[in-house]
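Participant: In this text, residue positions in the sequence shown follow the numbering used here: the first is 242, and each later residue adds one. I'd like to ask you about the structure that follows.
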Amino acid sequence: MSENKKALTAVIYSDAPPTEKQKNSFTAFLSKRYGREVVLNWEKSDKYPGGFLLDAGEEVFDWTPAGRLSQFTSAVKEAAVSGKGTISLLKDTVKNWVPKAYAQQIGKVVSVGDGIAAVSGLESAAYGEILLFEGGIKGMVQNLSEKEIGCILFDSDGEVCAGSSVRRSGKTAGVPVGEGFIGRVVNALGEPIDGLGEIEAVSYRPVENPAPGIIERKSVFRPLETGIIAIDSMFPIGRGQRELIIGDRQTGKTAIALDTIINQKNKDVICIYVSVGQKSSSVAQLVSTLKKYGAMDYTVVLHASASDSAPMQYIAPYAGCALGEYFMDKGRDVLIIYDDLSKHAVAYRALSLLLGRSPGREAFPGDVFYLHSRLLERSAQLSDANGGGSMTALPIVETQGGDVSAYIPTNIISITDGQIFLESQLFYSGQRPAVNVGLSVSRVGGDAQTKAMKKAAGTIRLDLAQYREMEVFTQFSSDLDEATKKRLVYGQGLMRMLRQKQYSPYTQCEQVLLLVSALSHAMQDIPVDGVADFIHGLLAAFRSEKPSLCKRISETGKLTDEDRKEAADFAKGFAAEYAVREELL
Ligand code: ATP
Ligand code: MG
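If you want it as structure tokens, here you go:
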């Protein structure tokens, strides 16, 4: 017959054995509650002097002094909400208070290992709920199956062992948030790891939050300047956009993110750098670089290192996103960097396999697309009615041997609004940042580009495409006609102009002036190796001799035809002088 017919064994823990009358009333209470016969046992325990704990398997009835105290406290709290005077409030509460034996669901750990615990006996726990283990360790429900619950642990699993008890918290996972986080380095749970003391949190936000809907959003309309000319001119990023940075290892992916953060100085953008699965030493170096350039004043670094458990690495981007949302909802602009999501996917694969989910393509679980789409959907440009804040996301993905058609890269390419593709070959040939102009794209940022930039950038993509094509065709031919040679030199000059050192972002005005100069063929006669030096001199000359032109461009964000002509003529004049000077030297 069914299990329900079996007798229920309940245990009473107390220091003195219950009287016969007490026993009878407990048995009657339990058999009424569960509709089964009850066998009641008594076990001596010194833990609850003056009280008892009734363990009925799934439920535990707390009649201990501590339990009663907490009941009383909540009764006082409830009464306090009613807004009575203190004395009458206490009087009333004491008079009306009837202690209850309330039930608490208690589960048992069936097995534990690798940061994952299987728990039985918590049938009504919800997906994503936080469970409390003995020793104060927290876990999050990830798998719900008929027999048991799969739970990921946010702490070392050393103290959790099979047979230990687990309680429900009734809350979903969240992180503390607040202004106090700016300038700090925290772990995936929002706890400080920079040794600078406690962080004062103003509230608590769920790590998993639905993304803003269509009505709550607005199109991307303001630029988020990276300060990198190769990106701002051809693949502009708007506030609220999601632009992927993708490339093999050591191709300058982090460098682009870092330069973008540094360029947000005095631009009222809060930056959040989420590192997943990286070495702590490289993140420490990154933090010290940010400090050196004064960028930690508006940046939060959230770090889940390679040595952290898979659950911590899994939760980190969501925690960073929750923090970003806090600022976005206040109408602020946020830039969030996920460095990188390939390692995040690997951490998720590890914990999914440990949870016993069936592996799919490349052994990733079936919901790995949803893992990243629900994260990146949360970036938005909110409408004015919702405060007008924004969250721009720059996820980073590492490819293997330039293979963008692998599982995770294709997923994230299709989720984002464009990608900046970095190529090892370009990187090694000295073209840094190694942006592959043909494979990179920004689908929405064009609307956010300033008019000046749009006009100045003009035909650069087309010119570079022509140059690349011509370069391939002319690779092995020795005798080229003059026109072809000229085009090749022009293209080489453009490529050189796009090279940029780390930590030296250009302002919008500098980028406009450089583009106008280069596209008006002013650099045509400069030897390729001298372009960097020439650019340096040219910008200095613009600053000292054409301050009003620079001021006009930066203030209006527009480039009139006259201004364009003035800039081009000045650049040509400077180039002629430069060539003469070089010859004399
Ligand atoms: P990983 O795959 O290890 O995360 P990554 O793709 O993030 O690497 P970075 O760490 O950003 O690459 O850069 C690799 C190296 O290239 C670093 O030493 C960095 O200083 C250098 N580098 C990056 N960009 C430039 C640049 N524009 N000019 C000169 N050096 C650069
Ligand atoms: Mg990196």
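A virtual CB, placed ideally from N, CA and C, is assigned to each residue, including glycine.
Between Ile393 and ligand 2, is there a pair consisting of the residue's CB and a ligand heavy atom that are separated by less than 8 Å?
Facilitator: no
Participant: Under a three-way DSSP split, which group does Phe374 fall into?
Facilitator: strand
Participant: Would Leu592 and Gly380 be called neighbours here (beta carbons separated by less than 9 Å)?
Facilitator: no
Participant: Tell me, to the nearest whole angstrom, how far the beta carbon of Leu394 is from that of Pro552; I am working on the premise that it is less than 8 Å.
Facilitator: The beta-carbon distance between Leu394 and Pro552, rounded to whole angstroms, is 6 Å. This is short enough to meet the 8 Å contact definition.
Participant: Specify the secondary structure class of Glu389 as computed by DSSP and reduced to three states.
Facilitator: coil
Participant: For ligand 2, is there any heavy atom lying closer than 8 Å to the beta carbon of Thr640?
Facilitator: no
Participant: Within the present structure, is the beta-carbon of Gly518 separated from the nearest heavy atom of ligand 1 by less than 8 Å?
Facilitator: Not so, every heavy atom of ligand 1 lies at least 8 Å from the Cβ.
Participant: Out of Ile390, Glu387 and Ser397, point me to the one whose CA is closest to Gly377's CA.
Facilitator: Ser397
Participant: In terms of residues, what are the limits of the beta strand (DSSP E) holding Asn282?
Facilitator: In the DSSP assignment, Asn282 falls within the beta strand (DSSP E) that extends over Val279 to Lys285.
Participant: Within the chosen definition, does the region 504–520 reach the region 716–731 through at least 3 CB pairs nearer than 8 Å?
Facilitator: no
Participant: Note the first and the last residue of the continuous beta strand (DSSP E) segment covering Met632.
Facilitator: Ser631 to Glu639
Participant: Within the same chain, show all residues whose beta-carbon is closer than 6 Å to that of Leu595, passing over the 5 residues directly before and after it, in chain order.
Facilitator: Excluding residues within five positions, the ones whose Cβ falls inside 6 Å are Asp355 and Ile357.
Participant: What residue does the alpha helix (DSSP H) around Arg793 start on, and which one ends it?
Facilitator: Pro788 to Thr797
Participant: When the Cα atoms are used, what is the spatial distance from Cys392 to Gly415?
Facilitator: 16 Å
Participant: Give me the Cα-Cα distance between Pro768 and Gly659, rounded to the nearest whole angstrom.
Facilitator: So the two alpha carbons sit approximately 34 Å from each other.
Participant: In three-state DSSP terms, what is His544?
Facilitator: strand
Participant: Have a look at Phe605 and Ile347 and give me their C-alpha separation to the nearest angstrom.
Facilitator: 33 Å
Participant: Report yes or no: do the region 556–567 and the region 615–623 share at least 3 C-beta pairs separated by less than 8 Å?
Facilitator: yes
Participant: Starting from the C-beta of Gly630, find all residues in its chain whose C-beta is less than 6 Å away, skip the five residues before and the five after it, and write them out in chain order.
Facilitator: Only Met569, Gly572, Arg573 and Leu623 meet the Cβ criterion.
Participant: With C-beta atoms as the reference, is Met738 less than 9 Å away from Ile776?
Facilitator: yes
Participant: Is Asp581 near ligand 2, with its Cβ less than 8 Å from a heavy atom?
Facilitator: yes
Participant: Can you tell me where the beta strand (DSSP E) with Tyr445 in it begins and where it stops?
Facilitator: Annotation for Tyr445: the continuous beta strand (DSSP E) segment containing it runs Ser444 to Pro447.
Participant: Could you tell me how far apart the beta carbons of Ser361 and Val351 are, in whole angstroms, since I believe they sit closer than 8 Å?
Facilitator: 5 Å
Participant: For Arg673, I'd like the list of residues in its chain whose CB is within less than 7 Å of its CB, leaving aside the five on either flank, ordered along the chain.
Facilitator: Gly493 and Arg740
Participant: I need the straight-line Cα distance from Asp473 to Lys533, nearest angstrom please.
Facilitator: 24 Å
Participant: Roughly how many angstroms separate the alpha carbons of Leu294 and Gly424, rounded to a whole number?
Facilitator: 47 Å
Participant: Would you identify the three-state DSSP class for Cys207, choosing helix, strand or coil?
Facilitator: Given that the chain is displayed from residue 242 to residue 826, the structure contains no residue 207 and the question cannot be resolved.
Participant: To the nearest angstrom, how far is the alpha carbon of Lys726 from that of Asp704?
Facilitator: 14 Å
Participant: Please list, in chain order, all residues of the same chain as Val252 whose beta carbon is under 7 Å from its beta carbon, the five residues on each side excluded.
Facilitator: These residues qualify, in order along the chain: Asn282, Glu284 and Asp296.
Participant: Rounded to whole angstroms, how far is the Cβ of Arg728 from the Cβ of Gly679, which I believe are closer than 8 Å?
Facilitator: Actually they do not touch by this definition, with Cβ atoms about 17 Å apart.
Participant: Excluding the 5 residues preceding and the 5 following Met475 in the sequence, name in chain order all residues of the same chain whose CB lies nearer than 6 Å to its CB.
Facilitator: Arg702
Participant: Quick check for students: name the residue ranges of the beta strand (DSSP E) that lie wholly in the region 400–435, counting only runs of 3 or more.
Facilitator: 406–413 and 415–418
Participant: In the DSSP assignment, find the unbroken alpha helix (DSSP H) run with Tyr819 in it and report its ends.
Facilitator: Its alpha helix (DSSP H) spans residues Asp802 to Leu825.
Participant: With 16 other CB atoms within 10 Å as the buried threshold, where does Leu825 fall?
Facilitator: Of the other Cβ atoms in all chains shown, fewer than 16 fall within 10 Å of the Cβ of Leu825; this residue is therefore exposed.
Participant: Give every residue of the same chain whose Cβ lies closer than 8 Å to the Cβ of Arg602, excluding the five residues on either side of it in the sequence, and list them in chain order.
Facilitator: Tyr648
Participant: Measure the Cβ-Cβ separation of Leu485 and Pro636 and say whether it is below 9 Å.
Facilitator: yes
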